[in-house]
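Asker: Residue numbers (this note's numbering), protein chains in the order written: chain A, 711 to 1185; chain B, 438 to 932; chain C, 5 to 97.
I have a structure here, written as structure tokens, and I will follow up with some questions on it.
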């Protein structure tokens, strides 16, 4: 069995052999993993695959294995969010996306590593230690869905689910050379996904090719009555897989090619844009003057929401508990011990940004800046169909390189987080290598215009071979 | 007469009312019927605040809030939304309470009460929706607690918090406001005040127009008057001794009837309100006409109509409309063609008096009978039929039974003989108004047995006649009519 | 600029115990981030409406229909600190 297979190939293999054999092969690869991508490997995956073989299943993903980020609730599997504070917590309910996957016949291989509570761009802040980038085991896979991207890149799962609050699907997709989509806000239910920043995040798929992203979106997207922010867009994602960009208008926002961008990244992205031109699309430069304020706005909003979302981790009902002479002391000690440094920093900053006297200066101000950023997107996307830019200004950095300085780490989200402020869809596709490290092209579209975003990504893939490149270290 | 308010008292109230007539909680489908259930059996991932869960608002809670708003003559907001109130407490499973902040669903309104000097308007500042926290049980007392047990059955119950202006000028007015408020909510059928914890009140009170003190944790509307009387006395005495009232929060100890200063925390809380990102704002003013249609006749209107339609006294009308189900019961009785004035006396004075004496509370009325429960022991359930009261009123009006017999029958029914009709009870207990010959027989016997008293009366002692009447009543077990007995004695003596 | 007292105060609000030494570390790191956030001050926003949510959705409700609750043992399955069907924690204050 080939190590890297598309979903179509996996399904073919299941037909040839069995779901059990396919799952067993993936478990075997996981067993020899060099990347520490999984936090939990499911003990029930084989049994589940066997049941699909014996009972039959007519779902679109019957017997197809998948990896799930460890902040998405699956009954019976620990849901740690990469944190000590959730030690021993097993959710008694499935996330909406998990219900959808199980109904489609997917087999859950396990839960993947992540930055603690999705707060990071390197998967280094996980309580379970860092995940390595399959292209260079000394480098980070990106984050926060670093585990999901790394296992897909390393052939330890055909595809995976991540979550994207400020780039957490696209950043690791770019660093690991896979495809990752941040859907339009509201397209995928957040029910059962542990919240970091509610108004910004979406569940997103990671895969080795655009077609598999569309297959997964057709399963997980759609209205959920349990998520008040869910929107019924009725998009048929696989129908967007058309190899044609003729007449498509591309905008290139110069603000995304700012100071500190790696020259090879810049070159690879421009090559991609010229490729589109050669395929019949046109491009023009667009200006988005408020983008430079997006990062600060994003972090203030995300930290503020997070400071409240993470208040429930108090050792009272589940997870880790430190002893204390009274409840408040117990909670303070539990949270001091249970959360990692970066999470605590963000909770403290968020608490500060919402506190009396600072609410307007930070939180309200950030929400107003968000309006301006969104207006930049609205204006730009009124003129063009898509925007294209580098996903990450630089390729994957070394493990430990940026972890000491939070601000440096935050700055790596500069090109991804504006998209979350605006709520628009964005996909990262491989568009080249620099010194053996993948580069990601980011394609952004109008709200609920995933079809155009995916069509452009698919066309690029059909006319280039970047997506066929595999990391030599794990081959 | 104008009430001078000599002590310069201002009282404002914050009233939390559980919308316990809804079938489910505020943000999840858990049943709201948890009051007699084992702990943590009416919970789900959402009201337990498990990571990843999201709230979805119960539409009926919004409708109920609008109903309350309209009944309080409040403005319904064009746009309204939820906020998070962030603070840590073990009864709060998410570490924040979902509540409303600067965009409450109900704005300014008013309630008219019977004040110290006649009709008095109490302004409503606002009313908003929020979720109830869970329930804590302290092992040992609060002060010397060894630990705390948490039951989240109550967590996520829908609440409406109503805030009044500091318009009440005495504890009595505060109690009257609460009686009226509770009455209105029961009329709206959004609230059952008999359930534990259904209404909780915080009061702020100041004397001599001075600094206000907040008194928290008044769990019953009956406790309000006591708490306020104590707190006003305390404040007046502090001032009398030359002290100053400081802005503080005090806790009402219901058992001891005193207010206690709550230990001031080293650091003030800061709730860091911000919009709940998991709930979308609401624009519901277009619901108002349809909801207004469903509003029942409210207590004041019903009272006026009763006086007009049935020709009864204001006192009776007030008492009959104090509970919507009692008012309906009364109208059920009247609809059977009995004299509404007699029916009012029997319902408002006798029936309600006996009812309250027994600590009973009406739980439902279905057009045929009132069901009631014992407030201290919900196991005791009973009912009283419209037809029973109709029969009694008819017998009484026809002179078939005395008032004492009627009272006796009402008591028997309330005490558990609800299966029997009044006629059966009268017959079984030998309560029917005695036949004249029986009374005559008793009169003859009485005169024969009490020669001395007879002589005294003939000698001019009027009082002795009363004694003789009493003896006849005794012999007939009270079934005789006193007037008839008196006439028969006189007839016999003259004869 | 955030002071040591500010760090202590927000530590209390967020219920995160912070040692003497950590207070200084947090103060430095948080200040560098806050300084970066301060760049927003240069952008005039008096007339800008805040965006709480990109999706302009109103009136999302559920019907008042009872759904199944969790069994008590499931509710308590994630903690060892329980007693008589309740969660047990230390005294509050």
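All residues carry an ideal CB built from backbone N, CA and C; glycine is no exception.
Source: prediction; values computed, not measured.
With distances taken Cα to Cα, identify the nearest neighbour of residue 1012 of chain A among A:1090, A:858, A:1123.
Answerer: That would be A:1123, whose Cα lies nearest to the Cα of residue 1012 of chain A.
Asker: DSSP three-state label for residue 992 of chain A, please.
Answerer: Residue 992 of chain A falls in the strand class under three-state DSSP.
Asker: Would you kindly work out how many angstroms separate the C-alpha atoms of residue 33 of chain C and residue 1057 of chain A, rounded to a whole number?
Answerer: Answer to the nearest angstrom: the Cα atoms are 13 Å apart.
Asker: Cβ of residue 17 of chain C less than 8 Å from any chain B Cβ?
Answerer: True, the Cβ-Cβ gap to chain B drops below 8 Å.
Asker: Is it true that the segment 670-687 of chain B meets the segment 486-497 of chain B, where meeting means three or more beta-carbon pairs spaced less than 8 Å apart?
Answerer: No: the two stretches stay apart, fewer than three of their Cβ pairs being nearer than 8 Å.
Asker: Could you list which residues in chain A have their beta carbon closer than 9 Å to that of residue 493 of chain B, in chain order?
Answerer: The contacting residues are 935, 936, 937, 938.
Asker: Find the residues of chain C that neighbour residue 1126 of chain A, judging by a C-beta separation of less than 9 Å, and give them in chain order.
Answerer: Going along chain C, no residue has its Cβ under 9 Å from residue 1126 of chain A, so there is no contact; the nearest lies around 16 Å.
Asker: For residue 807 of chain B, write down the residues that DSSP places opposite it in a beta bridge.
Answerer: For residue 807 of chain B, which the question treats as bridged, DSSP gives the partners B:802, B:821.
Asker: Taking the continuous beta strand (DSSP E) assigned at residue 610 of chain B, which residues delimit it?
Answerer: Premise fails: residue 610 of chain B lies in the alpha helix (DSSP H), 608-625, not in any beta strand (DSSP E).
Asker: Quick check: what's the CA-CA separation for residue 635 of chain B versus residue 1101 of chain A?
Answerer: Straight-line Cα distance between these residues: approximately 55 Å.
Asker: Should residue 1110 of chain A go down as buried or exposed, given a rule of 16 or more other Cβ atoms within 10 Å for buried?
Answerer: That one is exposed.
Asker: Indicate the three-state DSSP secondary structure (helix, strand or coil) for residue 782 of chain B in the structure shown.
Answerer: Reduced to three states, the DSSP call for residue 782 of chain B is helix.
Asker: Just curious, the alpha helix (DSSP H) that residue 1088 of chain A is in, first and last residue?
Answerer: Here the alpha helix (DSSP H) through residue 1088 of chain A covers 1075-1093.
Asker: Does DSSP classify residue 1050 of chain A as helix, strand or coil?
Answerer: Residue 1050 of chain A falls in the coil class under three-state DSSP.
Asker: Reducing DSSP to helix, strand and coil, say where residue 720 of chain A ends up.
Answerer: Three-state DSSP puts residue 720 of chain A in a helix.
Asker: What's the C-alpha gap between residue 998 of chain A and residue 1029 of chain A?
Answerer: Residue 998 of chain A and residue 1029 of chain A: Cα-Cα distance of roughly 44 Å.
Asker: Can you list, in chain order, the stretches of the alpha helix (DSSP H) that have 4 or more residues and sit fully within the segment 947-1001 of chain A?
Answerer: Complete alpha helix (DSSP H) runs here, min 4: 973-988.
Asker: Please return the same chain residues whose Cβ sits closer than 6 Å to the Cβ of residue 830 of chain B, not counting the five positions on each side in sequence.
Answerer: 775, 779, 780, 783, listed in sequence order.
Asker: Go ahead and label residue 849 of chain A buried or exposed: buried means 16 or more other beta carbons lie within 10 angstroms of its beta carbon, across all protein chains shown.
Answerer: Flag for residue 849 of chain A reads buried.
Asker: What does a CB cutoff of less than 6 Å around residue 996 of chain A pick up in its chain, not counting 5 residues either side in sequence?
Answerer: Taken in chain order, the residues that qualify are 961, 963, 1090.
Asker: Residue 853 of chain B to residue 934 of chain A, Cα distance in whole Å?
Answerer: C-alpha separation (whole angstroms): 52 Å.
Asker: What does the alpha-carbon distance come out to for the pair residue 89 of chain C and residue 82 of chain C?
Answerer: Distance between the alpha carbons of residue 89 of chain C and residue 82 of chain C is about 13 Å.
Asker: Ordered along the chain, which non-local residues of its own chain (more than five positions away) have a Cβ less than 7 Å from that of residue 10 of chain C?
Answerer: Closer than 7 Å at the Cβ level, and outside the excluded window around residue 10 of chain C, lies no residue.
Asker: Distance check for residue 1141 of chain A and residue 29 of chain C, CA to CA, integer angstroms please.
Answerer: When rounded, the distance between both Cα atoms is 41 Å.
Asker: Anything in chain C within Cβ reach of residue 468 of chain B, meaning under 8 Å, just list it in chain order.
Answerer: Correct list: 70, 73.
Asker: Chain C beta carbons: is any one of them nearer than 8 Å to that of residue 1082 of chain A?
Answerer: True, the Cβ-Cβ gap to chain C drops below 8 Å.
Asker: Excluding five sequence neighbours on each side, which residues of the same chain lie with their C-beta closer than 6 Å to the C-beta of residue 923 of chain A?
Answerer: 889, 891, 915, 917.
Asker: Under 7 Å from any heavy atom of the ligand FAD, does the C-beta of residue 966 of chain A make it?
Answerer: Judged by which ligands are present, the structure shown has none, so any question about the ligand FAD falls away.
Asker: Please list, in chain order, the chain A residues whose beta carbon lies closer than 8 Å to that of residue 670 of chain B.
Answerer: Result: empty, since nearest Cβ-Cβ is about 34 Å, beyond 8 Å.
Asker: Please tell me whether residue 67 of chain C has its Cβ less than 8 Å away from any Cβ of chain B.
Answerer: With 8 Å as the cut-off, residue 67 of chain C counts as an interface residue toward chain B.
Asker: Between which residues of its own chain and residue 884 of chain B is the CB-CB distance below 8 Å, once the five residues before and five after are set aside?
Answerer: If we look at residue 884 of chain B and ignore the five residues flanking it on each side, its Cβ neighbours are 891, 905, 926, 929, 930.
Asker: Which same chain residues end up closer than 6 Å to residue 71 of chain C when comparing Cβ atoms and leaving out the 5 residues on each side of it in sequence?
Answerer: Hits under 6 Å: none found.
Asker: Taking 8 Å as the threshold (C-beta atoms), are residue 755 of chain A and residue 729 of chain A in contact?
Answerer: It is not a contact, given that the beta carbons lie outside the stated cut-off.
Asker: Using the three-state DSSP reduction, which class does residue 467 of chain B fall into: helix, strand or coil?
Answerer: Three-state DSSP puts residue 467 of chain B in coil, outside helix and strand.
Asker: Which chain A residues sit within Cβ distance under 9 Å of residue 585 of chain B?
Answerer: Residues of chain A passing the Cβ test: 1037.
Asker: Check this for me: beta carbons of residue 1105 of chain A and residue 1148 of chain A, under 8 Å apart or not?
Answerer: Contact: yes.
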